[in-house]
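**Student:** Structure below; questions to follow.
2 protein chains.
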Amino acid sequence: MAAKRCLVLFDLGGVLFGSGAQGFLRSFQSRGISGDFFLKAISQGGVNAPFSRAMVGQIGLTQLISELEEDFKKMATTSETPLPETFSMGQIFQELFAQEVFSIPFLKAALTLKNNGFKIAVLTNNWLDDSPNRLHTGLVLCLLRRYFDQVIESCRVGLQKPDPKIYEYTLKELKAKPEEIIFLDDIGANLVPAKQMGMATILVQSEEAALKELQDLTGVQLLNQEEILPLPCEPENVAHGYVTIKPHTQLHFVEMGSGPVICLCHGFPESWLSWRFQIPALVDAGFRVIALEMKGYGDSTAPPDIKEYSQEEICKDLVTFLDKMGISQATFVGHDWAGATIWSMALFYPERVKAVASLNTPYKPANPKEDIMKRIKANPIFDYQLYFQEPGVAEAELEKDLSRFLKAMVRSAKKEDWIKGASIDFTNVRKRGGLLVGVPEDPPPSSLLPEPVLQYFVQQFRKSGLRGPINWYRNMEANWRWLGSAYDRKIRVPVLMVTAGKDLVLRPEMSKGMEEKIPDLTRGHIEDCGHFTQMERPAALNKILIDWLEKIYKNTSLQTVAKL
Amino acid sequence: MAAKRCLVLFDLGGVLFGSGAQGFLRSFQSRGISGDFFLKAISQGGVNAPFSRAMVGQIGLTQLISELEEDFKKMATTSETPLPETFSMGQIFQELFAQEVFSIPFLKAALTLKNNGFKIAVLTNNWLDDSPNRLHTGLVLCLLRRYFDQVIESCRVGLQKPDPKIYEYTLKELKAKPEEIIFLDDIGANLVPAKQMGMATILVQSEEAALKELQDLTGVQLLNQEEILPLPCEPENVAHGYVTIKPHTQLHFVEMGSGPVICLCHGFPESWLSWRFQIPALVDAGFRVIALEMKGYGDSTAPPDIKEYSQEEICKDLVTFLDKMGISQATFVGHDWAGATIWSMALFYPERVKAVASLNTPYKPANPKEDIMKRIKANPIFDYQLYFQEPGVAEAELEKDLSRFLKAMVRSAKKEDWIKGASIDFTNVRKRGGLLVGVPEDPPPSSLLPEPVLQYFVQQFRKSGLRGPINWYRNMEANWRWLGSAYDRKIRVPVLMVTAGKDLVLRPEMSKGMEEKIPDLTRGHIEDCGHFTQMERPAALNKILIDWLEKIYKNTSLQTVAKL
Numbered sequence: 006m007a008a009k010r011c012l013v014l015f016d017l018g019g020v021l022f023g024s025g026a027q028g029f030l031r032s033f034q035s036r037g038i039s040g041d042f043f044l045k046a047i048s049q050g051g052v053n054a055p056f057s058r059a060m061v062g063q064i065g066l067t068q069l070i071s072e073l074e075e076d077f078k079k080m081a082t083t084s085e086t087p088l089p090e091t092f093s094m095g096q097i098f099q100e101l102f103a104q105e106v107f108s109i110p111f112l113k114a115a116l117t118l119k120n121n122g123f124k125i126a127v128l129t130n131n132w133l134d135d136s137p138n139r140l141h142t143g144l145v146l147c148l149l150r151r152y153f154d155q156v157i158e159s160c161r162v163g164l165q166k167p168d169p170k171i172y173e174y175t176l177k178e179l180k181a182k183p184e185e186i187i188f189l190d191d192i193g194a195n196l197v198p199a200k201q202m203g204m205a206t207i208l209v210q211s212e213e214a215a216l217k218e219l220q221d222l223t224g225v226q227l228l229n230q231e232e233i234l235p236l237p238c239e240p241e242n243v244a245h246g247y248v249t250i251k252p253h254t255q256l257h258f259v260e261m262g263s264g265p266v267i268c269l270c271h272g273f274p275e276s277w278l279s280w281r282f283q284i285p286a287l288v289d290a291g292f293r294v295i296a297l298e299m300k301g302y303g304d305s306t307a308p309p310d311i312k313e314y315s316q317e318e319i320c321k322d323l324v325t326f327l328d329k330m331g332i333s334q335a336t337f338v339g340h341d342w343a344g345a346t347i348w349s350m351a352l353f354y355p356e357r358v359k360a361v362a363s364l365n366t367p368y369k370p371a372n373p374k375e376d377i378m379k380r381i382k383a384n385p386i387f388d389y390q391l392y393f394q395e396p397g398v399a400e401a402e403l404e405k406d407l408s409r410f411l412k413a414m415v416r417s418a419k420k421e422d423w424i425k426g427a428s429i430d431f432t433n434v435r436k437r438g439g440l441l442v443g444v445p446e447d448p449p450p451s452s453l454l455p456e457p458v459l460q461y462f463v464q465q466f467r468k469s470g471l472r473g474p475i476n477w478y479r480n481m482e483a484n485w486r487w488l489g490s491a492y493d494r495k496i497r498v499p500v501l502m503v504t505a506g507k508d509l510v511l512r513p514e515m516s517k518g519m520e521e522k523i524p525d526l527t528r529g530h531i532e533d534c535g536h537f538t539q540m541e542r543p544a545a546l547n548k549i550l551i552d553w554l555e556k557i558y559k560n561t562s563l564q565t566v567a568k569l
Numbered sequence: 006m007a008a009k010r011c012l013v014l015f016d017l018g019g020v021l022f023g024s025g026a027q028g029f030l031r032s033f034q035s036r037g038i039s040g041d042f043f044l045k046a047i048s049q050g051g052v053n054a055p056f057s058r059a060m061v062g063q064i065g066l067t068q069l070i071s072e073l074e075e076d077f078k079k080m081a082t083t084s085e086t087p088l089p090e091t092f093s094m095g096q097i098f099q100e101l102f103a104q105e106v107f108s109i110p111f112l113k114a115a116l117t118l119k120n121n122g123f124k125i126a127v128l129t130n131n132w133l134d135d136s137p138n139r140l141h142t143g144l145v146l147c148l149l150r151r152y153f154d155q156v157i158e159s160c161r162v163g164l165q166k167p168d169p170k171i172y173e174y175t176l177k178e179l180k181a182k183p184e185e186i187i188f189l190d191d192i193g194a195n196l197v198p199a200k201q202m203g204m205a206t207i208l209v210q211s212e213e214a215a216l217k218e219l220q221d222l223t224g225v226q227l228l229n230q231e232e233i234l235p236l237p238c239e240p241e242n243v244a245h246g247y248v249t250i251k252p253h254t255q256l257h258f259v260e261m262g263s264g265p266v267i268c269l270c271h272g273f274p275e276s277w278l279s280w281r282f283q284i285p286a287l288v289d290a291g292f293r294v295i296a297l298e299m300k301g302y303g304d305s306t307a308p309p310d311i312k313e314y315s316q317e318e319i320c321k322d323l324v325t326f327l328d329k330m331g332i333s334q335a336t337f338v339g340h341d342w343a344g345a346t347i348w349s350m351a352l353f354y355p356e357r358v359k360a361v362a363s364l365n366t367p368y369k370p371a372n373p374k375e376d377i378m379k380r381i382k383a384n385p386i387f388d389y390q391l392y393f394q395e396p397g398v399a400e401a402e403l404e405k406d407l408s409r410f411l412k413a414m415v416r417s418a419k420k421e422d423w424i425k426g427a428s429i430d431f432t433n434v435r436k437r438g439g440l441l442v443g444v445p446e447d448p449p450p451s452s453l454l455p456e457p458v459l460q461y462f463v464q465q466f467r468k469s470g471l472r473g474p475i476n477w478y479r480n481m482e483a484n485w486r487w488l489g490s491a492y493d494r495k496i497r498v499p500v501l502m503v504t505a506g507k508d509l510v511l512r513p514e515m516s517k518g519m520e521e522k523i524p525d526l527t528r529g530h531i532e533d534c535g536h537f538t539q540m541e542r543p544a545a546l547n548k549i550l551i552d553w554l555e556k557i558y559k560n561t562s563l564q565t566v567a568k569l
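These protein sequences, in sequence, are chains A and B.
In my numbering, each number is its position in the first sequence, counted from 1, plus 5.
In my numbering, each number is its position in the second sequence, counted from 1, plus 5.
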C-alpha cells in the first residue's frame, strides 16, 4: 500500500504564481529575442553565472539585474545577435513582477488541503529581492509565511534546485519522509531528484491538469470549489495588545496587518475570536485589523458597575483607546451589541470614524418622545432582554455551565445546528423561568464552535463571568436618552449594513428606511445566514466587507500632522 | 498673595491654531463680501441659528454648511447684497481647514508648561466634524487628547462659550478652582465670564504679546525657546503588545500611531523606554511606531542559551515577528547592539525592510578572512566585551545592584553627568577585575534616567537579569561568519547613519567609508552627544529621523495583495 501523502510542497514561480520561467521567455520573445539566446545567456558560466550566484544568495537581485544586462550585451556583440537599443534587464524584471500574481486556484487548493489536515509548504529557487520594487516580494513572503507551514527559499539556504542537497535540507526542515510528500514544480529537472528520493511529483504545465492530479493523489476535492472556508487565525499565533483606558480598566485586542485601521467589535456573548475568519482576509486585502475584546469580556476589564456599560461610556472608552493608540481614524465594524455601538460612534465621534459597518444590528434613530422599554416589551422576541434586566438572575443561571450556555446560544441556521430543543427560544423566557429552561444539559455541538474555539470562549468567560456582558443590556433608557440627543443629526460617514436572512432576533426588515438618515448607505445581505454572521458565512461576509472597504479607501491619501 | 496658577486653559481656533474667527472674515472679504454681512448672517436667529445649534452638537458640520449657505443666500436676496455666483460655504470651510495648522510657538509653550509641572487643557467652541474632510479634525483631536490633560469641546457638552455654565462644567471636569487657571482666548466676550469667576485671562491678538503675558504669569520661559524637550510617553499610557515567536519565546513591544511601520530596536543595557522621546514625535509625523523590547530584556522572553542571541537568530525572530503581525515591510531603527541587527536585516531580509537607520553603530562588512576576536582585542575600548565573554561573571557583578550599574552605565556626555569616577571606564576592565570596580556604591543620578525611568529600567531588568542581554556579546564569531556570507552584497535599501561626537566606544570615525557598500546613505551627526543618543539629544535626533523618513516615504503608495 502507498504511504500516506500528508504534505504538499509547492514551487512558487509557475505554480503558486501564474508566471515563472515562462514569463522570462515571453518577455524576451516580445522583444524579438529568441528563447534560445536567453537560455544560453543565463546558463553560461555555471555556478559562477549571475543567476546561479543570485539563487544561492551570494548577490541580491539589484546586482543580478546589472550583471545579467552586462552579460547579455556582451553576448549579443560576440554572437552578432543585436539587442534592441532600449534593452533593459530592469524593465524585463518589472514586467515579470507585474505578472507575478497568485494563482487563485492553486492558493485555494493549498488552503483547502490545509483545512483538510494536510501540511503545506513552499520550496522555491528565489533571489534575495533588494530592488526598489521589493515591497511586492515582502507582501508575498509575509502572506506565504503566515499560511504555509514552511517557506524554503534557495537564496537563504545557499543551495538551489535541482541540487539534491536542497531536497535533503527540505526533508529535515519539514521533519518529513519523502514518501509523505507530493511535490509540484513547473520545471521537469527540479522534479527528478524529488522523484528519485520517493516523493510523488506533479509537473505543472496546465493549472487544471495539475490540480486534477493533486486531487487524485490527495483524495480532497480541489477542482470546481465554490465557497471555501477561509483559514482562521488562532489565539496563540496572533499579537495580543493591552491598553489601559483609565485606572483599573484595560482593553485587550488582537492585531494583525498594515494599512488603514479596521476595528472589529464583537457582540453578546462572544469574543474577538468570533472574527477569526475575517482577520487574515482583511489583512491580505491591505488593512490593519484590530479585533477588540469588548469591555466586560475575557482579558478586558469587567467593572461591576452597570453604568460602565452604557453606550456613552463604551464609546468614550473606544475614543480613549484610539487616543492612546495614536490612531486618528478607523473604520468600525460591529456585530450585535457592538452594532449599536458603531452607530453611536458615527453619530458622536464622526471625526474618528472613516466608515462604519454593522452586521445584523439596524440603525434606529432614538426619538426622545418614544419610550424604549415599551418598544422592547411590545416585541416577544426581546423577552430575553427583559429577563436580563434584574442584576444577578441571568448571571446565576448562565454561569452554572458556560459550555452548555454557549453551545445553545451560538448556533447557526444550518440544518446540522438547528436541532429541536438544542438551541434557545428567545420568547417567553421570563415565563419559562430562564433562558436555558428546555435546553438539554449537554446540547449537541455547534458547528460554529469547534472544540478548541469553544474551549477558548469558555476560558475567556471564566475570567469575569457574565455580569459585564449582560450589563450591556441594562442601560436601555440611558442609551436611548444619549442617542436621542443626536436625533436631529444624520449619519454622514459611509455605512455598510449587512443583514442576515435567518437572524430570528435582528430581522432584515428592521433595517428598512435607514437610507433616510444615512445618505451614504451600502447594503449587503446574506440570505442563508443566522445571527452569528462572521462564523456562519465567513467567505460571503468577507467578500461583502472587502468590496465595500476597497470602495471606501480607494484614492485615500492619509495626511500627516505637521511635525513639532 | 495671588493664588498659584497651575493650570493653563487654551482656546483652539485663534490660539493653538493660527486661524480662528478671523479666518472666516478673511475668507468672506477675499470674495468681496463685507465682514459685517458675515457677522450679521451668522448671528441672526439666536440659539436656533445654525452656528449655535452646531456648537452645542444638535447638528453636525455637514448640515451646518448647508444651512449656512441657504441662510446666506436668503439674506443676500433680502438685503440686496449680491453673493458671487460661485459662492459656496463648503469651499469657505475647506479654505479654513487648510489654514488650520498648529501654532508652533503656542504648542511649544504648552508643552514647556507641561514639562514644568503645569496642567494644560483646551476649551473650545467646536462643531462635530462629520464632513468628508473630517480626518484633519481627527488628527488634531487625537494629538490634543494625547498631549493635553483635558480637551473640552462645546459640541460634546451641549453648552458653548460664553455661557457661564460651560466654565462651571470645565472647573468640575478639571477639578480646579478659578484662581488656579490662566485662560487664553482670541474672542474678548469669551474671557468675560472667566475673569468674573476669578481666572486670569489673556486676550490673544498677537502671538508674541500673548506668550509674553503667559510667560510673566507663569514664570516659565516661553519666548525664544530653542531646543525644547519633547514630551516623553510613559509605560502606563501606551499600548503593550505581545507576540509568541515560537513556543516559550515571546516578544514584548509598545505601539503607537498609524501609518507606515517604524520599528525601534534598543541596545545594551536598555529598554523600549529609551525611545520615550521618539515615539510620540514619530506618531505625530504620521508613522506607526513599534518599539520592541529586545530578546533577553524585560517582558520579552530571555532564553538562557547563548545561540539564541546570535544576530542570525535575532533577525529570524524579527522576521517571524513581522509575519505574525502581518506586516510586510518596516523601517528599522537600531541603536548600539540593535544597530548591528538592522545592518543584518538590510542584508538578509531586504524585502521586509523599507529602510534602516543606525544610531552610533557603523556598518563594517565582515570579511571572512579577518579574525573578529583579533580585531576586538586590538582596541582597548572593547575590553569590556572580552570581560563579558565568560558566562556568569559579568552577570554576577552587575546584577548585585542594578540601580548602581544602570546609573553608572547610562550617562550622558553633559558636564552634569560627567563626574570623575561616577561613570564606567570601558578599558582595562579585566585587569581591574570588573566593570564597576572604581565606581562609587551609590553613583550620582544620571540626567538620562529620571527616577521613574530608572525604576522602570530596574523593574524590567529584575525580570530576567543580565544573562540574556550579555549573551548578545557572546556570538562574535558566529555573527562574523553569518555576516561574512553576505560579504559580496551591497546594502541597497535607503540608509541613515547617525553618529554622536562624544560616544567613546562607537566613534564617528568608525563609520568612514560606509558609502562604498551603501549607495543610498544619508548621514546625520550630533556633535554634543554621548552614547545614549535617543535620551541625550532627543529633539536633535527627532529632527534628523523625521526629515529622513519624510524623504523615504514621500510618494509611497503601498500596494495591497489581491484578495483571495
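Beta carbons: idealized from backbone N, C-alpha and C, even for Gly.
#1: Starting from the Cα of residue 237 of chain A, find the closest Cα among A/43, A/198, A/282, A/76 and give me that residue.
#2: What does residue 4 of chain B reach in chain A if we use C-beta pairs closer than 8 angstroms?
#3: Quick check: what's the CA-CA separation for residue 471 of chain B versus residue 234 of chain B?
#4: What span of residues does the beta strand (DSSP E) with residue 261 of chain A cover, start to end?
#5: How would you label residue 569 of chain B, buried or exposed, when you count the other beta carbons within 10 angstroms and need 16 or more for buried?
#6: My output table needs one value for residue 363 of chain B: the three-state DSSP class, helix, strand or coil.
#7: List the whole-angstrom C-beta distance separating residue 256 of chain B from residue 539 of chain B, where the pair is believed to meet the contact cut-off of C-beta under 8 angstroms.
#8: Let me know the beta strand (DSSP E) ranges lying completely inside the segment 6-88 of chain B, each 3 residues or longer, listed in chain order.
#9: Taking residue 406 of chain B as part of the beta strand (DSSP E), name the residues at either end of that continuous run.
#10: Buried or exposed, going by whether 16 or more other CB atoms sit within 10 Å of the CB of residue 279 of chain A?
#11: So if I threshold CB-CB distances at 9 angstroms, which residues from the segment 337-358 of chain B count as touching chain A?
#12: Can you tell me whether residue 384 of chain B is buried or exposed? The criterion is at least 16 other CB atoms within 10 Å of its CB, across all chains shown.
#13: Which parts of the segment 153-191 of chain B are runs of the beta strand (DSSP E), unbroken and 3 residues or longer, counting only runs that do not cross its ends?
#14: Strictly below 7 angstroms CB to CB, what residues from chain A border residue 63 of chain B?
#15: Using only the alpha-carbon positions, how far apart do residue 269 of chain B and residue 261 of chain B sit?
#16: Mind pulling the chain A residues with CB within less than 7 angstroms of residue 71 of chain B?
#17: Of all the options A/82, A/40, A/31, A/131, which has the alpha carbon lying nearest to the alpha carbon of residue 63 of chain A?
#18: Using 8 angstroms as the threshold, is the segment 117-136 of chain B in touch with the segment 37-54 of chain B, meaning 3 or more CB pairs across them?
#19: What's the gap between the Cα of residue 508 of chain B and the Cα of residue 535 of chain B?
#20: Could you compute how far the alpha carbon of residue 298 of chain B sits from the alpha carbon of residue 151 of chain B?
#21: Output, in chain order, the set of chain A residues within a Cβ distance shorter than 9 angstroms of residue 304 of chain B.
#22: Measure the Cβ-Cβ separation of residue 157 of chain A and residue 142 of chain A and say whether it is below 8 angstroms.
#23: Report the three-state DSSP secondary structure of residue 293 of chain A (helix, strand or coil).
#24: Using a Cβ-Cβ cut-off of 8 angstroms, state whether residue 117 of chain A counts as contacting chain C.
#25: Please compile the residues from chain B whose C-beta is within a distance smaller than 9 angstroms of the C-beta of residue 334 of chain A.
#26: Let me see if you follow: with CB-CB separation under 8 angstroms, is residue 128 of chain B close to chain A or not?
#27: Can you pull out the residues from the segment 270-289 of chain B whose beta carbon lies closer than 8 angstroms to at least one beta carbon of chain A?
#28: Below 8 angstroms CB to CB, which residues in the same chain sit around residue 99 of chain B once its five sequence neighbours on both sides are set aside?
#29: With three or more beta-carbon pairs closer than 8 angstroms as the criterion, would you say the segment 335-351 of chain B touches the segment 310-327 of chain B?
**Tutor:** So, from the data block:
#1: A/282
#2: Because chain B spans 6 through 569 in this model, residue 4 of chain B falls outside it and cannot be assessed.
#3: 31 angstroms
#4: 254-262
#5: Low local confidence applies: a pLDDT of 28 at residue 569 of chain B is under 50, so the model's placement there is unreliable, with the coordinate-based value given in what follows. Buried, by the Cβ-count rule.
#6: strand
#7: About 20 angstroms; that fails the 8 angstroms criterion.
#8: 12-15
#9: Per DSSP, residue 406 of chain B belongs to no beta strand (DSSP E) and is neither H nor E.
#10: buried
#11: 351, 352, 353, 354, 355, 356, 357, 358
#12: exposed
#13: 155-158, 186-190
#14: 493
#15: 12 angstroms
#16: By Cβ distance, chain A contributes nothing, its closest Cβ being about 11 angstroms from residue 71 of chain B, past 7 angstroms.
#17: A/131
#18: no
#19: 4 angstroms
#20: 23 angstroms
#21: Those within 9 angstroms of residue 304 of chain B in chain A number zero; the least Cβ separation is about 11 angstroms.
#22: no
#23: strand
#24: Although the question refers to chain C, the structure presented lacks it and instead comprises the protein chains A and B.
#25: 139, 140, 143, 144, 147, 263
#26: no
#27: 285, 286, 288, 289
#28: 138
#29: yes
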